[in-house]
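Presented below is the structure to which this report refers.
Number of protein chains: 2
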Amino acid sequence: MEAQRRIDPVNCSVARALAVVGERWSLLIVREALDGARRFGEFKARLGIAGNLLSTRLNTLVAAGVLRRVPYQDPGERHRFEYELTEQGLDLRITLVALLEWGDKYLADPQGPSVIVRHQAAEGDGACEEQVRVVLECSAGHTHVPPQSIHRTPGPGARFLGSS
Amino acid sequence: MEAQRRIDPVNCSVARALAVVGERWSLLIVREALDGARRFGEFKARLGIAGNLLSTRLNTLVAAGVLRRVPYQDPGERHRFEYELTEQGLDLRITLVALLEWGDKYLADPQGPSVIVRHQAAEGDGACEEQVRVVLECSAGHTHVPPQSIHRTPGPGARFLGSS
DNA sequence: GACCTGGGTTGACATTTTCTACTCAGGGCT
DNA sequence: AGCCCTGAGTAGAAAATGTCAACCCAGGTC
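Sequence lines, in order, name chains A and B. All residue numbers for the first sequence refer to the working numbering, where the first residue is 804 and numbers rise by one. All residue numbers for the second sequence refer to the working numbering, where the first residue is 804 and numbers rise by one.
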């Protein structure tokens with residue numbers, strides 16, 4: 804009775820990604836890091852997060868490879884560590900912009916979005932200051948991908964339910 | 804002593820978006836809904852989530868406008884409700900694809916991604932089956948937006964720190 | 001040597017999640 | 001009518017997480 808095979812929803816990169824960045828504060832920490840925060844106290848002050856939680860989160864993100872600890876020493880100060888986004892962490896900007904756009908569209912302040920993300924191209928390109936957007940597109944070049952037209956297919960690492 | 808004005812990080816659409824979909828399971832529920840799940844039992848079976856939590860999450864998502872309750876009645880059954888994504892919920896697909904790509908890139912199964920999202924264009928267009936990707940681009944048409952080149956600017960609804 | 005400051009750690013307490021078991025409302029069967 | 005079955009939840013205790021406040025620690029300043 805070979806029922807219709809369904810992709811195991813637990814063996815999925817969305818679930819794995821959420822295991823890393825789905826905890827409360829994690830994405831907000833990454834957002835602040837993208838905006839230039841590097842030090843413990845900076846994250847703490849910007850986010851108003853409790854110290855031990857911030858400590859735990861930073862360690863988790865470092866262990867996951869999203870952040871990297873970098874030693875530094877301010878003049879006349881002892882040496883300390885700060886937190887820098889790895890390439891893996893920088894790549895989360897796409898997710899964050901997607902979330903920002905969604906929030907702006909449906910949950911914004913009545914006055915409008917509070918933050919606009921802009922592209923700051925190199926001087927050579929003519930100082931672009933345009934707003935950055937995230938778009939869904941397919942490899943064939945279709946840039947309008949309506950919700951009904953996307954579907955999931957099993958990839959090489961797929962597991963199926965039912966077939967143990 | 805007009806210090807450098809900084810955008811209030813709490814008055815931000817990312818934070819607001821996360822307040823709605825940042826709870827554990829919320830995005831996974833939306834993912835299953837995008838994949839066709841509609842009924843309580845379906846979500847429960849696919850995700851292995853406890854009934855009361857699922858119930859709470861569904862209610863939260865309905866209240867937030869991500870899902871909508873739709874009555875239905877199977878032949879020979881009493882009438883029940885199923886959960887359908889609203890347009891607001893459908894728009895989360897961008898965030899989910901972004902998360903999926905990130906997970907595929909950094910956390911995938913050694914065998915490769917388990918799920919590939921494809922575009923299924925209308926027949927008229929010639930049955931596109933290409934993989935769907937999410938890209939960051941700016942309004943000026945630059946499609947390669949490296950991490951260092953994005954920055955946040957205050958929008959119309961911005962609040963600032965320090966100026967009560 | 002006493003004190004200050006950034007960057008944490010520790011521990012008590014509160015809130016959320018999770019798990020298991022139970023309920024509830026209809027429909028069908030006998 | 002009475003009983004069982006299923007989908008859709010609710011109730012309550014246990015486990016995990018999050019918060020707050022206080023403390024530590026190392027170097028530099030006074």
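By construction, the Cβ of each residue, glycine as well, lies at the ideal position given by its N, Cα and C atoms. This one's a predicted model, so the numbers in the text were calculated from it and none came from an experiment.
Backbone CA spacing between residue i and residue j [nearest angstrom]
{"i": "ALA806 of chain B", "j": "ARG841 of chain A", "result": "Residue placement at ALA806 of chain B is flagged as unreliable, the pLDDT there being 35, under the threshold of 50; the coordinate-derived value follows with that caveat. Approximately 19 Å between the Cα atoms of the pair."}
{"i": "ALA911 of chain B", "j": "ARG819 of chain A", "result": "8 Å"}
{"i": "TYR875 of chain B", "j": "ARG881 of chain B", "result": "9 Å"}
{"i": "SER858 of chain B", "j": "PHE846 of chain B", "result": "10 Å"}
{"i": "ARG860 of chain A", "j": "GLU890 of chain A", "result": "18 Å"}
{"i": "GLN934 of chain A", "j": "PRO878 of chain B", "result": "52 Å"}
{"i": "GLN951 of chain B", "j": "GLY839 of chain A", "result": "10 Å"}
{"i": "THR946 of chain A", "j": "ILE852 of chain B", "result": "35 Å"}
{"i": "LEU939 of chain A", "j": "VAL937 of chain B", "result": "4 Å"}
{"i": "TYR909 of chain A", "j": "TRP828 of chain A", "result": "21 Å"}
{"i": "GLY1003 of chain B", "j": "GLU826 of chain A", "result": "Given a span of 804 to 967 for chain B in the structure shown, any question on residue 1003 of chain B remains unanswerable."}
{"i": "VAL773 of chain B", "j": "LEU821 of chain B", "result": "Past the edges of chain B, shown from 804 to 967, lies residue 773 of chain B, and the structure says nothing about it."}
{"i": "ARG883 of chain B", "j": "GLY915 of chain A", "result": "38 Å"}
Close-in-space but distant-in-sequence residues of the same chain around residue i (CB under 7 Å, 5 per side omitted)
{"i": "GLU887 of chain A", "result": "ARG841, LEU870, ARG871, VAL873"}
{"i": "GLU835 of chain B", "result": "PHE846, ARG849, LEU850"}
{"i": "ALA924 of chain A", "result": "ALA930, CYS931"}
{"i": "ALA867 of chain B", "result": "VAL823"}
Residue-level contact to chain B via CB, residue i, 8 Å cutoff
{"i": "LYS847 of chain A", "result": "no"}
{"i": "VAL865 of chain A", "result": "no"}
{"i": "LEU856 of chain A", "result": "no"}
{"i": "TYR909 of chain A", "result": "yes"}
{"i": "ILE971 of chain A", "result": "Residue 971 of chain A cannot be examined here, being either before or after the span of chain A that is shown, 804 to 967."}
{"i": "ALA930 of chain A", "result": "no"}
Other residues of its chain near residue i: CB distance less than 8 Å, five sequence neighbours each side excluded
{"i": "VAL865 of chain B", "result": "ARG871, ARG872, TYR886"}
{"i": "LEU830 of chain A", "result": "VAL824, LEU895, THR898, LEU899, LEU902"}
{"i": "VAL920 of chain A", "result": "VAL900, LEU903, GLN934, VAL935"}
Residue-level contact to chain A via CB, residue i, 8 Å cutoff
{"i": "ILE953 of chain B", "result": "yes"}
{"i": "GLY879 of chain B", "result": "no"}
{"i": "ILE832 of chain B", "result": "no"}
{"i": "VAL873 of chain B", "result": "no"}
{"i": "GLY844 of chain B", "result": "no"}
{"i": "THR968 of chain B", "result": "In this structure chain B extends from 804 to 967, so residue 968 of chain B is not present and cannot be described."}
{"i": "ILE852 of chain B", "result": "no"}
Backbone secondary structure at residue i - three-state DSSP
{"i": "THR956 of chain A", "result": "strand"}
{"i": "ARG936 of chain A", "result": "strand"}
{"i": "ILE832 of chain B", "result": "helix"}
{"i": "ILE919 of chain A", "result": "strand"}
{"i": "GLU890 of chain A", "result": "helix"}
{"i": "GLN951 of chain A", "result": "helix"}
{"i": "GLU880 of chain A", "result": "coil"}
C-beta contact flag for residue i and residue j at 8 Å
{"i": "SER917 of chain B", "j": "GLY960 of chain A", "result": "yes"}
{"i": "GLY906 of chain A", "j": "VAL817 of chain B", "result": "yes"}
{"i": "HIS922 of chain A", "j": "VAL948 of chain B", "result": "yes"}
Cβ-based neighbour list, residue i, same chain, cut-off 6 Å, excluding 5 preceding and 5 following
{"i": "LEU837 of chain B", "result": "ARG896"}
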